[in-house]
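Chemist: In UniProt numbering, the protein residues as written are 1 to 325.
Beta carbons are placed, not taken as given, at the ideal position from N, Cα and C, and that holds for glycine.
Predicted, not measured: the structure shown is a model, and the values here were computed from it.
#1: Can you tell me where the beta strand (DSSP E) holding residue 176 begins and where it ends?
#2: Under three-state DSSP, which class holds residue 266?
#3: Beta-carbon within less than 8 Å of residue 87's beta-carbon, same chain only, minus the 5 sequence neighbours each way: which residues are those?
#4: What residue from 312, 231 and 263 has the CA that sits closest to residue 278's CA?
#5: Taking the straight line between their C-alpha atoms, what separation do you get for residue 250 and residue 312?
#6: To the nearest whole angstrom, what separates the beta carbons of residue 208 and residue 222, a pair I think is in contact under 8 Å?
#7: Do you know how far the Cα of residue 70 is from the Cα of residue 254?
#8: Since I believe residue 67 is in contact with residue 268 (beta carbons under 8 Å), could you give me their beta-carbon distance rounded to a whole number of angstroms?
#9: For the region 157–170 against the region 196–206, are there 3 or more C-beta pairs whose distance is under 8 Å?
#10: How many angstroms separate the CA atom of residue 65 from the CA atom of residue 280?
#11: Just mark residue 236 as buried or exposed, buried being the case when its beta carbon has 16 or more other beta carbons within 10 Å.
#12: For residue 309, which option in 74, 61 and 62 has the closest C-alpha, if you only look at C-alpha atoms?
#13: On a Cα-Cα basis, can you pick out the residue from 134, 271 and 97 that is closest to residue 106?
#14: Apart from the five residues just before and just after residue 83, which ones in its own chain have a Cβ nearer than 8 Å to its Cβ?
#15: Report yes if the CB atom of residue 153 is closer than 8 Å to the CB atom of residue 218, and no otherwise.
#16: Have a look at 303, 101, 95 and 97 and flag the residue whose alpha-carbon is nearest the alpha-carbon of residue 81.
#17: Would a C-beta distance cut-off of 8 Å place residue 234 and residue 276 closer than the cut-off?
#18: Start and end of the alpha helix (DSSP H) containing residue 284?
#19: With a floor of 3 residues, list each beta strand (DSSP E) that falls wholly inside the region 91–154, ordered by position along the chain.
#20: So residue 163 packs on residue 127, CB below 8 Å; how close in whole Å?
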């Protein structure tokens with residue numbers, strides 16, 4: 001899941017067609033892998049490489065990398081991390097494997113997660129646009145939307161969806177046009193301006209909101225006009241879309257990190273629950289959908305784990321890594 005600054009939205013507290021594979025550093029070429037060429041829930045389902053085997057069976061070979069979405073997946077519904085989950089993550093790292101959080105959340109929202117989990121490694125933030133060092137609290141890599149592309153996206157979406165309002169995520173701050181609704185408790189951390197001014201600085205994510213649309217319907221309309229200009233997804237129960245630069249997703253950024261660190265996709269286990277997790281779940285060698293996940297995720301991923309409020313991720317990790325009672 002992934003956020004902009006609205007407490008109502010699952011997305012803002014933290015793509016069936018996202019590209020999955022290898023992402024080049026900012027400014028370099030992007031290679032779209034084979035998995036990304038099949039779109040939709042059914043296509044992503046064909047990409048999933050795992051079959052259901054339940055939570056109880058211990059794998060003979062532990063994964064080298066554990067990747068988890070945060071909101072709706074690792075975190076409980078109240079945004080907290082359970083003691084059981086903290087214990088499981090610590091055990092994974094004691095076993096010599098790496099943990100990465102892959103989230104739509106911006107970097108500025110990650111300190112509380114690091115404190116709650118006692119994890120100080122790397123996080124993939126803003127749906128893959130930022131690689132963030134949790135220990136040093138600094139960005140390692142950024143792949144923003146070019147300002148001219150941002151303006152083209154705004155124009156296309158305003159034509160296709162009259163009444164849509166936009167927010168602009170920069171990672172360290174958030175701006176929005178006057179018609180974009182923000183929860184009262186978030187107003188202290190945002191600024192308001194016209195999009196032509198806001199987009200003078202390349203954002204890591206553009207958010208498009210329309211109160212009258214279901215998010216799946218809004219996503220379909222947006223993809224029809226955006227095409228391959230950018231990546232469009234959602235992680236929300238309200239009409240809120242998240243737009244990243246072309247070729248940027250959790251999957252592409254994770255694939256690049258794994259390539260640099262000598263880890264194969266087959267050595268990765270991933271957990272998620274929303275459309276912005278789909279490409280990541282299709283790319284990873286082993287993937288789990290948490291109970292209550294979006295229907296497209298449940299259709300695409302055959303392995304299941306209990307819900308976030310039942311510490312489903314922790315339950316799977318206990319089994320995979322043989323965590324003693």
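Modeler: With the structure as the only source:
#1: 174–176
#2: In the displayed model, residue 266 falls within a helix according to three-state DSSP.
#3: Hits under 8 Å: 314 and 323.
#4: 231
#5: 21 Å
#6: About 7 Å; that satisfies the 8 Å criterion.
#7: The straight-line gap from Cα to Cα measures roughly 15 Å.
#8: 6 Å
#9: yes
#10: 13 Å
#11: buried
#12: Relative to residue 309, the option among 74, 61 and 62 whose CA is nearest is 74.
#13: 134
#14: none
#15: no
#16: 101
#17: yes
#18: Neither: residue 284 is in no alpha helix (DSSP H) and is coded neither H nor E.
#19: 98–102, 122–125, 130–133 and 138–142
#20: That belief does not hold up - the Cβ atoms of residue 163 and residue 127 are roughly 24 Å apart, past 8 Å.
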